[in-house]
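In what follows, a structure is listed as structure tokens, so that the remarks can point back to it.
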Amino acid sequence: MSTELYPRFSAGEFARRHAAARALMATEGLDALVVYGNSGISRHNHADIHYLSGFLGNRNNYAVMTAKDEPVLFVQSYNHVPNAREASSIRTEWGGPDSAVTVARHLVDSGAHGGTLGYVGEVPVQSYLKWQSNLAGWQFKDVTRPFRRLRLVKSTEEIEWLRKGAALTDAALEHLIAGVKPGMREYELGALIEADALARGGLPHLYYISSGAQESEGACVPRQNLSGRVIQRGDVINTEISVSFWGYSGQMHRPIFVQAEPSDLYRRLWDAATESYNRCVKVLRAGATSEDVLDAAAVIAERGFTINDGFLHGFGIGLLPPSIGTRESAGRRGPPGPKFTFEENMCVVVQPNVVTDDERAGVQLGNLFRITKDGAECLHRLPVQYFVTA
Numbered sequence: 007m008s009t010e011l012y013p014r015f016s017a018g019e020f021a022r023r024h025a026a027a028r029a030l031m032a033t034e035g036l037d038a039l040v041v042y043g044n045s046g047i048s049r050h051n052h053a054d055i056h057y058l059s060g061f062l063g064n065r066n067n068y069a070v071m072t073a074k075d076e077p078v079l080f081v082q083s084y085n086h087v088p089n090a091r092e093a094s095s096i097r098t099e100w101g102g103p104d105s106a107v108t109v110a111r112h113l114v115d116s117g118a119h120g121g122t123l124g125y126v127g128e129v130p131v132q133s134y135l136k137w138q139s140n141l142a143g144w145q146f147k148d149v150t151r152p153f154r155r156l157r158l159v160k161s162t163e164e165i166e167w168l169r170k171g172a173a174l175t176d177a178a179l180e181h182l183i184a185g186v187k188p189g190m191r192e193y194e195l196g197a198l199i200e201a202d203a204l205a206r207g208g209l210p211h212l213y214y215i216s217s218g219a220q221e222s223e224g225a226c227v228p229r230q231n232l233s234g235r236v237i238q239r240g241d242v243i244n245t246e247i248s249v250s251f252w253g254y255s256g257q258m259h260r261p262i263f264v265q266a267e268p269s270d271l272y273r274r275l276w277d278a279a280t281e282s283y284n285r286c287v288k289v290l291r292a293g294a295t296s297e298d299v300l301d302a303a304a305v306i307a308e309r310g311f312t313i314n315d316g317f318l319h320g321f322g323i324g325l326l327p328p329s330i331g332t333r334e335s336a337g338r339r340g341p342p343g344p345k346f347t348f349e350e351n352m353c354v355v356v357q358p359n360v361v362t363d364d365e366r367a368g369v370q371l372g373n374l375f376r377i378t379k380d381g382a383e384c385l386h387r388l389p390v391q392y393f394v395t396a
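Right, dumping it as structure tokens:
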């Protein structure tokens with residue numbers, strides 16, 4: 007097994023994680039833990055498997071733990087197994103023609119003859135039904151939420167990886183800003199990000215980009231699917247960019263104005279975004295709550311605007327709790343979740359996406375932060391400003 011091809015956490019880090027998973031099993035009364043992952047969102051739907059194994063994979067893969075045995079990774083595709091073994095820190099096997107059935111057989115072969123199987127992730131219903139038919143005497147329990155709570159507070163090693171992901175994200179955004187020219191198509195902006203990320207050894211996680219004329223068709227939120235629209239002088243470009251260091255991404259949002267300053271409307275949108283952002287950063291610290299964040303975000307409605315995207319979310323790897331909007335937007339985005347208290351070394355993205363009520367115009371500003379005892383540390387180095395291209 008190579009220790010050089012891919013980044014890898016220390017043996018001590020994985021021992022800590024496996025111990026946390028076993029403690030969860032004891033708390034939840036589990037005889038087996040099965041963690042599911044797939045290749046969605048640039049493989050960040052593998053976040054839970056990555057936590058146990060260090061592997062970012064494709065297809066439907068499973069990591070399995072029992073009360074007495076070490077974890078095993080089952081990889082769905084036979085030709086993916088050699089590479090998985092190079093990257094994974096745990097025993098790795100082929101999942102067979104049907105990984106769900108292989109998981110069931112593994113549990114039976116391990117000597118377990120019934121009990122409670124706790125599963126993590128959006129397990130396909132077909133897999134669940136196969137477990138029911140192949141694991142007589144077992145009960146099944148969704149432990150996704152408590153398992154993901156294990157990932158909320160980051161270790162020292164994880165924070166260092168997030169710093170590297172943030173640096174890769176900074177560089178990709180700088181490359182984009184320098185490369186934007188009138189006449190390019192929107193999808194070519196994605197190529198700039200991909201090229202810079204890969205050249206630096208990063209993994210492109212996501213790049214949402216929207217472009218439009220400030221006076222008429224400006225998109226209020228970055229697009230998940232880049233269009234063929236031609237960039238023009240005076241455009242506003244909204245961005246959401248994440249580049250990862252082996253799964254650990256930064257996340258930045260900045261508006262870019264093409265060879266022209268923002269209009270009066272866009273200045274007011276930007277001012278509301280920066281004010282809410284600054285208020286939020288000021289209140290974030292260990293012991294702060296989601297109510298403090300909602301108070302900080304209230305200035306958006308006071309300025310006559312609303313939001314489309316969320317205001318703050320947990321991060322690393324992928325999306326984590328909490329997910330916080332604004333009180334004003336609850337009618338459209340759904341009611342706020344339960345009160346959330348921040349802890350030291352949680353990581354969050356503060357990302358006000360301030361838009362007009364008709365959603366014809368908007369900007370987004372955002373950075374990844376580490377919660378500290380006394381505040382919040384920004385992991386990015388680019389200034390909090392909009393950018394105007396040369």
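What the sequence shown shows, in the numbering used here, is residues 7 to 396, in sequence order. Ideal Cβ placement from N, Cα and C applies to all residues, glycine included. Quantities reported herein were computed from a predicted structural model and do not represent experimental measurements.
With a threshold of 16 other beta carbon atoms within 10 Å, R376 meets it and is buried. In the three-state reduction of the DSSP assignment, T378 falls in the coil class, being assigned neither a helical nor a strand state.
Pairwise C-beta distances place the region 281-297 in contact with the region 344-364, as three or more of them are shorter than 8 Å.
Comparing alpha carbon positions, the residue from A382, S94, L318 closest to F20 is S94.
Membership of T295 in any alpha helix (DSSP H) is not indicated, and neither H nor E is assigned to it by DSSP. At the C-beta level, E246 and H259 come within 8 Å of one another. V126 sits in a strand when the DSSP states are folded into three classes. The beta-bridge partner set that DSSP reports for P210 consists of V249.
Residue environment: V109 is assigned as buried (16 or more neighbouring CB atoms within 10 Å of its CB, all protein chains considered). Assigned with DSSP and collapsed to three states, L371 falls in coil, not helix or strand.
For the options A203, D241, L195, the alpha carbon positioned closest to that of E221 is the one of D241.
By the neighbour-count criterion, in which a residue is buried when 16 or more other Cβ atoms sit within 10 angstroms of its Cβ, S296 is buried. Rounded to the nearest angstrom, the Cβ distance from K160 to C353 is 6 Å, consistent with a contact under 8 Å.
Short of 6 Å from the beta carbon of G224, and not among the five residues preceding or following it, lie these beta carbons of its own chain, in chain order: G218, V242, A367.
At least 8 Å separates the beta-carbon of G171 from that of V299. Counting C-beta pairs closer than 8 Å gives fewer than three between the region 187-206 and the region 324-336, which falls short of the contact rule. Around the CB of G343, fewer than 16 other CB atoms lie within 10 Å, so the residue is classed as exposed. Taking the Cα positions, Q257 is about 45 Å away from A142.
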